[in-house]
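S.K.: Numbering (my numbering), first residue to last: 714 to 887. Let me give you the structure first, and then I'll get to my questions.
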């Protein structure tokens, strides 16, 4: 543990870096929203785009009323593909890697609910057998959600594999 005290210059520089980071994320969100607006127009889909900055990421949510045709693209796998396309569009404009999150019509919560159901079944299996259980590969965002669920259940999880093969293994508590 260090006893060093940050000088006002260090604190000020850190605050400036945070402001720059937030500004960059807001710019990223604006670029992504423009891209998504064009996409919605091309496919004649209704939707409002909200931009937010959450946990160091630009977060975009496309919402619409109940009778909207937005449900056509709200399947979690479709949203994941749209998110990757949007990230690429942002990357082309900014020359930096984007970690933005896209939610369409509540698809993120639907995916969290689905993951929770799947993980709870696997947790029960690990507790019953005492043996590790591997899961299917998933995105880093989904792995984070799953790690949290497993931790709350008192078990251990590890990510294994590389790239698109990266997956979680649920293990009994030691």
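Positions of the beta carbon are idealized from the N, C-alpha and C atoms, including for glycine. Computed from a prediction, not measured in an experiment: that's the story for all the values here.
Put residue 847 into one of helix, strand or coil per three-state DSSP.
M.R.: strand
S.K.: Quick check: what's the CA-CA separation for residue 715 versus residue 769?
M.R.: Reliability fails at residue 715, whose pLDDT of 37 lies under 50, so the model's placement of it is uncertain and no value is given.
S.K.: Quick one: what does DSSP say residue 852 is sitting in, helix, strand or coil?
M.R.: coil
S.K.: Please identify the residue among 850, 835, 807 whose C-alpha is closest to the C-alpha of residue 844.
M.R.: Considering only alpha carbons, the answer is 835.
S.K.: Under a three-way DSSP split, which group does residue 815 fall into?
M.R.: strand
S.K.: Taking C-beta to C-beta, are residue 820 and residue 839 nearer than 8 Å?
M.R.: no
S.K.: Entirely within the segment 783-834 and at least 3 residues each: give me those beta strand (DSSP E) ranges in chain order.
M.R.: 814-817
S.K.: Residue 883 and residue 846 look like a contact to me (Cβ under 8 Å); what is the Cβ gap, rounded to whole Å?
M.R.: 5 Å
S.K.: Quick one: Cα of residue 877 to Cα of residue 851, how far?
M.R.: 7 Å
S.K.: What separation, rounded to the nearest whole angstrom, lies between the Cα atoms of residue 753 and residue 747?
M.R.: 10 Å
S.K.: Here's the rule I'm using: 16 or more other beta-carbon atoms within 10 Å means buried, otherwise exposed. How should residue 814 be labelled?
M.R.: buried
S.K.: What are the boundary residues of the beta strand (DSSP E) that residue 770 is part of?
M.R.: 770-776
S.K.: Kindly list the residues whose CB is nearer than 7 Å to the CB of residue 832, restricted to its own chain and excluding five residues on each side of it in sequence; keep chain order.
M.R.: 859, 862, 863
S.K.: Straight-line CA distance for residue 726 to residue 766?
M.R.: Confidence is the limiting factor: at residue 726 the pLDDT is only 40, short of 50, which leaves the residue's position unreliable and the question unanswerable from this model.
S.K.: What is the DSSP secondary structure of residue 781, counted as helix, strand or coil?
M.R.: coil
S.K.: Mapping the DSSP letters down to three states, classify residue 716 as helix, strand or coil.
M.R.: For residue 716, the predicted structure reports a pLDDT of 40, less than 50, and the residue's modelled location is therefore unreliable. A value from the coordinates is still provided. The three-state secondary structure of residue 716, taken from DSSP, is coil.
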